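Top to bottom, those sequences are chains E and F.
Residue numbering for the first sequence follows numbering that gives the first Met the number 0, starting at 0 and increasing by one per position.
Residue numbering for the second sequence follows numbering that gives the first Met the number 0, starting at 0 and increasing by one per position.
Ideal placement from N, C-alpha and C gives every residue a C-beta, glycine not left out.
Please read all numbers here as calculations on a predicted model, not as lab measurements.
Reviewing the structure listed below.
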Amino acid sequence: MLVFAMLMALGLVAPLAIYPVLLMNVLCFALFACAFNLLVGYVGLLSFGHAMFFGFAAYIAGYAVKTWGLEPLVGIVAGTAVAAVLGLVTGAIAIRRQGIYFAMVTLALSQMVFFFCLQAKFTGGEDGIQAIPRRPLLAFIDIRNDFIMYYVVLVIFAAGFLTIYRTIHSPFGQVLKAIRENEARAISLGYAVDRFKLIAFVLSAALAGMAGATKAIVFQLASLTDVTWQMSGEVVLMTLVGGMGTVFGPIVGAAIIVFMQNYLSGFGEWVLVIQGAIFVTTVLLFRRGIVGELIAFTTRSPETDANQHTDLVDHPKVKPAE
Amino acid sequence: MFELIGVPPQALFGQLLLGLINGAFYALLSLGLAVIFGLMNVINFTHGAQYMMGAFCAWMLLSFAGIPYWGALILVPVIVGVFGIAIERLFISRLYHLDHLYGLLLTFGLALIIEGLFRRQFGSSGLPYANPIPGGTNLGFMFLPWYRAWVVVFSLTICLGTWFMIEKTQLGSYLRAATERPDLVQAFGINVPRMITLTYGFGVGLAALAGVLAAPIYSVNPVMGSNLIIVVFAVVVIGGMGSILGSIVTGFGLGVIEGLTKVFYPEASNTVIFIIMAIVLMLRPQGLFGTPR
């Protein structure tokens with residue numbers, strides 16, 4: 000919590016030094032990555048299709064604000080709610096498989112949502128929904144000003160982050176971790192594992208949707224880019240780089256990747272190559288991610304050293320065949 | 000001209016043929032994925048990129064070395080397969096003792112690198128590749144281009160050959176044994192790590208072969224693989240990776256279903272495979288040919 004307070008303080012003064020639009024982008028992706036991390040880090044389910052919630056909620060928010068003339072906050076809430084429903088449907092299908100299959104199923108489902116968004120009328124197809132108006136928030140906050148908008152986004156991020164933090168540190172979160180560690184044992188202890196997984200999936204989807212809807216309001220644009228599998232891959236990368244299963248890792252990862260994309264945007268296709276290279280080096284060299292390695296470094300004890308040692312022994316992990 | 004179920008037969012059979020062709024690629028690619036997964040427990044996300052490399056490799060052999068299609072059909076799988084072996088030795092082999100998800104993440108990263116490099120070099124637009132068997136025959140109810148017939152027959156032959164090799168030969172029996180109990184097979188004096196490496200090379204070779212076959216039909220471009228591989232993942236989930244024959248049947252079957260959807264309800268043709276996947280997961284989570292855990 001102390002770290003969170005420090006981060007928030009940093010967030011409050013950051014726009015004095017850095018372009019607020021860039022910071023808002025970081026915050027949106029940080030929330031997206033935190034939502035993704037809730038699933039992969041604490042339930043052990045690697046979703047390769049989280050862009051469907053992020054991008055679809057963006058469309059919903061954009062459409063609600065632009066065409067129906069609703070106010071931005073209602074648009075974000077609508078996007079979040081629709082993402083939760085989408086999460087309920089896709090989650091019910093996806094949690095029927097684990098591990099690698101879960102990743103493939105979520106990827107395929109998100110591709111289905113992508114094609115739906117490409118063909119549906121309300122999304123504007125290739126053009127997306129452009130020029131989403133930034134109407135006054137709650138009728139008195141003028142979010143056309145980027146500074147004010149930034150603090151609104153900061154509040155939204157904090158709300159999302161605290162939701163995740165509370166979830167992880169609740170009895171519910173402990174059950175999720177138990178499922179991650181040993182699903183068979185959690186079942187034998189009498190937990191309705193599938194229900195826990197589904198709730199976590201819906202929560203993660205809703206928060207990913209909240210991030211996407213907020214991004215649509217900030218950039219006044221909802222487009223196909225946010226629904227592509229590349230976007231799903233990006234959020235995996237952010238979380239992996241920052242540290243899967245760490246509370247603050249996804250924020251660090253999102254900041255790194257967004258800043259990197261910002262500074263490398265002139266290099267065109269090299270961004271893809273660099274992202275791939277970061278994937279490969281992270282998986283091979285520091286799987287715990289930046290924050291994960293930091294935690295491991297500062298809390299080093301003989302016990303964890305012993306764990307590390309067994310981790311390096313080259314033997315095939317005996318797992319029941321799926 | 001007569002009509003069949005309210006559709007002109009040319010359209011119907013034309014789409015059926017297209018479906019069979021797509022099915023041939025689904026089958027070849029999901030077969031490679033299944034072979035690799037069976038032994039290594041790694042989902043090879045680089046598969047699409049390797050398929051794309053196969054097509055580009057054929058194009059480069061033709062443009063720079065003057066080697067025609069038929070030469071490429073033999074050379075390309077070997078070249079790309081060797082490249083795959085290098086990748087397996089350099090990167091993937093370091094992850095076998097870890098959770099399988101790391102293999103997925105690693106191969107995803109590799110796929111991004113390869114795709115990015117090709118896009119950097121060749122741009123996103125397609126390159127043409129001349130059809131090696133132009134012409135065709137009129138069957139009365141439809142026009143059958145020779146090359147497309149060749150693709151279906153050839154890929155079916157390769158699929159069945161692979162099935163025969165794995166299910167009926169001694170080498171295949173080693174492979175299947177190593178899938179079940181690698182430690183025991185190793186104890187019998189078979190070099191399992193080398194077998195894994197060669198299997199990966201073989202699977203990658205299959206992907207590259209599919210790439211060569213695809214070059215004259217689809218334009219050769221850097222994103223051809225990544226779009227296809229997601230559909231192939233769905234095919235793999237539908238079929239279940241337990242059986243070789245299963246992935247062949249599922250691949251061709253889904254290709255045909257997709258073709259028919261294009262005739263009767265074109266709006267859903269992009270999504271029909273994913274919808275089938277969702278239904279199969281609800282009714283039979285282990286896949287049509289998979290074995291329950």
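* To do: Give every residue of the same chain whose Cβ lies closer than 7 Å to the Cβ of Leu296(F), excluding the five residues on either side of it in the sequence, and list them in chain order.
  => Residue 296(F) is absent from the structure shown; chain F starts at 0 and stops at 292.
* **Residue span of the alpha helix (DSSP H) that contains Gly211(E), given as start and end** => Mapped onto the first sequence, residue 211(E) falls at position 212. In the DSSP annotation of this structure, the continuous segment of the alpha helix (DSSP H) that includes Gly211(E) starts and ends at Val192 to Phe218.
* Pro144(F) in three-state terms, based on DSSP -> Numbered from its first residue, the second sequence carries residue 144(F) at position 145. In the structure shown, Pro144(F) sits in a strand (DSSP, three-state: E or B).
* Quick one: does Trp269(E) have its CB under 8 Å from some CB of chain F? -> Position 270 of the first sequence, counted from the start, is the residue given in the question as residue 269(E). Output row for Trp269(E): interface = yes.
* To do: Closer than 7 Å by beta-carbon distance: list the chain E residues that pair up with His99(F), in chain order.
  => Within the second sequence, residue 99(F) is the residue found at index 100, counting from 1. By Cβ distance, chain E contributes Gly98 and Ile99.
* Rounded separation between Gln307(E) and Phe117(F) - CA only -> Reading the first sequence from its first residue, position 308 is the one you call residue 307(E). Reading the second sequence from its first residue, position 118 is the one you call residue 117(F). Any reading at Gln307(E) needs caution, since the residue's pLDDT is 44, under 50, leaving its predicted position unreliable; the model's value is listed next. Their backbone Cα atoms lie some 38 Å apart in a straight line.
* To do: For Met103(E), go through chain F and note every residue whose CB falls closer than 8 Å to its CB, in chain order.
  => Walking along the first sequence from the start, residue 103(E) turns up at place 104. Those within 8 Å of Met103(E) in chain F are Ile42, Phe232, Ala233, Val235 and Val236.
* For Ile128(E), three-class secondary structure by DSSP -> Working through the first sequence from its first residue, we reach residue 128(E) at position 129. Three-state DSSP puts Ile128(E) in a strand.
* Counting contacts by CB-CB distance shorter than 8 Å, is Gly275(E) in contact with chain F? -> Taking the first sequence and counting its residues from 1, the one referred to as residue 275(E) is at position 276. Yes, because at least one Cβ of chain F sits closer than 8 Å to the Cβ of Gly275(E).
* Would Pro133(F) be called buried (16 or more neighbouring beta carbons within 10 Å of its own) or exposed? -> One-based indexing of the second sequence puts residue 133(F) at position 134. With fewer than 16 other Cβ atoms within 10 Å, it is exposed.
* Which ranges would you report for the alpha helix (DSSP H) in the stretch 96-146 of chain E if only whole runs of at least 4 residues count? -> List check, alpha helix (DSSP H) in window: 98-118.
* Proximity to Phe44(F) [Cα-Cα], best of Glu179(F), Phe63(F) and Val235(F) -> Along the second sequence, one-based indexing puts residue 44(F) at 45. Residue nearest to Phe44(F) within the set Glu179(F), Phe63(F) and Val235(F) is Val235(F) (criterion: CA-CA distance).
* To do: Decide if Asn220(F) is buried, meaning its Cβ has at least 16 other Cβ atoms within 10 Å, or exposed.
  => Locating residue 220(F) in the second sequence gives position 221, where the first residue counts as 1. Counting Cβ neighbours within 10 Å, Asn220(F) comes out buried, since at least 16 surround it.
* Asn269(F) touches chain E at which residues, Cβ-Cβ below 7 Å? -> Numbered from 1 along the second sequence, position 270 holds the residue referred to as residue 269(F). Residues of chain E passing the Cβ test: Phe114.
* **Sequence ranges, alpha helix (DSSP H) only - wholly within the stretch 113-170 of chain F, length at least 4** => 145-167
* Using a C-beta to C-beta distance shorter than 7 Å, which residues of chain F count as neighbours of Ile92(E)? -> Locating residue 92(E) in the first sequence gives position 93, counting from the first residue. Chain F residues near Ile92(E): Ala277, Leu280 and Met281.
* **Residues near Leu38(F) by beta carbon distance below 7 Å, same chain, minus five either side** => By 1-based counting over the second sequence, the position of residue 38(F) is 39. Around Leu38(F): Leu174, Ala177, Thr178, Ile195 and Thr198.
* Using a cut-off of 7 Å between C-beta atoms, extract the partners of Gln110(E) located in chain F. => As a position in the first sequence, residue 110(E) is number 111, starting the count at 1. Per Cβ cutoff of 7 Å: Ile229 and Phe273.
* To do: Return the first residue and the last residue of the alpha helix (DSSP H) that Ala233(F) is part of.
  => Here the question's residue 233(F) lines up with position 234 in the second sequence. Unbroken alpha helix (DSSP H) run through Ala233(F): Met223 to Gly238.
* Asked: In whole angstroms, what separates the C-alpha of Gly275(E) from that of Met141(F)?
  -> As a position in the first sequence, residue 275(E) is number 276, starting the count at 1. As a position in the second sequence, residue 141(F) is number 142, starting the count at 1. Spanning the two alpha carbons is a distance of roughly 45 Å.
* Would Pro284(F) count as contacting chain E if we go by Cβ distances under 8 Å? -> Position 285 of the second sequence, counting from 1, holds the residue named residue 284(F). Pro284(F) counts as touching chain E.
* Touch test, the stretch 44-56 of chain E against the stretch 85-104 of chain E, Cβ-Cβ under 8 Å, three pairs minimum -> Yes, since at least three Cβ pairs between the stretch 44-56 of chain E and the stretch 85-104 of chain E fall closer than 8 Å, the two stretches touch.
* Determine whether the Cβ of Thr303(E) lies closer than 8 Å to any Cβ atom of chain F. => Within the first sequence, residue 303(E) is the residue found at index 304, counting from 1. Because Thr303(E) sits at a pLDDT of 47, beneath the cut-off of 50, its placement in the model cannot be relied upon, and the point is left open.
* Report the three-state DSSP secondary structure of Ala214(F) (helix, strand or coil). => Translated into the one-based positions of the second sequence, residue 214(F) becomes position 215. Three-state result, Ala214(F): coil.
* Asked: Since Pro135(E) contacts Lys65(E) with CB under 8 Å, what's their CB separation in whole angstroms?
  -> Working through the first sequence from its first residue, we reach residue 135(E) at position 136. Working through the first sequence from its first residue, we reach residue 65(E) at position 66. The pair is not a contact, with the Cβ atoms about 15 Å apart (cut-off 8 Å).
* Which of helix, strand or coil does DSSP assign to Val219(F)? -> What you label residue 219(F) is simply residue 220 of the second sequence in a count that begins at 1. Val219(F) falls in the strand class under three-state DSSP.
* Beta carbon proximity, Trp228(E) to chain F, threshold 8 Å -> Taking the first sequence and counting its residues from 1, the one referred to as residue 228(E) is at position 229. Judged by the 8 Å Cβ criterion, Trp228(E) is in contact with chain F.
* Residue from Glu292(E), Leu271(E), Gly241(E) and Thr298(E) whose Cα sits closest to the Cα of Val39(E) -> In the first sequence, the residue the question calls residue 39(E) occupies position 40. Taking Val39(E) as reference, the option from Glu292(E), Leu271(E), Gly241(E) and Thr298(E) with the minimal CA-CA separation is Gly241(E).
* Asked: Are the stretch 158-165 of chain F and the stretch 238-249 of chain F touching by the rule of at least three beta carbon pairs closer than 8 Å?
  -> yes
* Check whether the Cβ of Gln14(F) lies closer than 8 Å to any Cβ atom in chain E. => As a working note, residue 14(F) is residue 15 in the second sequence. No, because no Cβ of chain E sits closer than 8 Å to the Cβ of Gln14(F).
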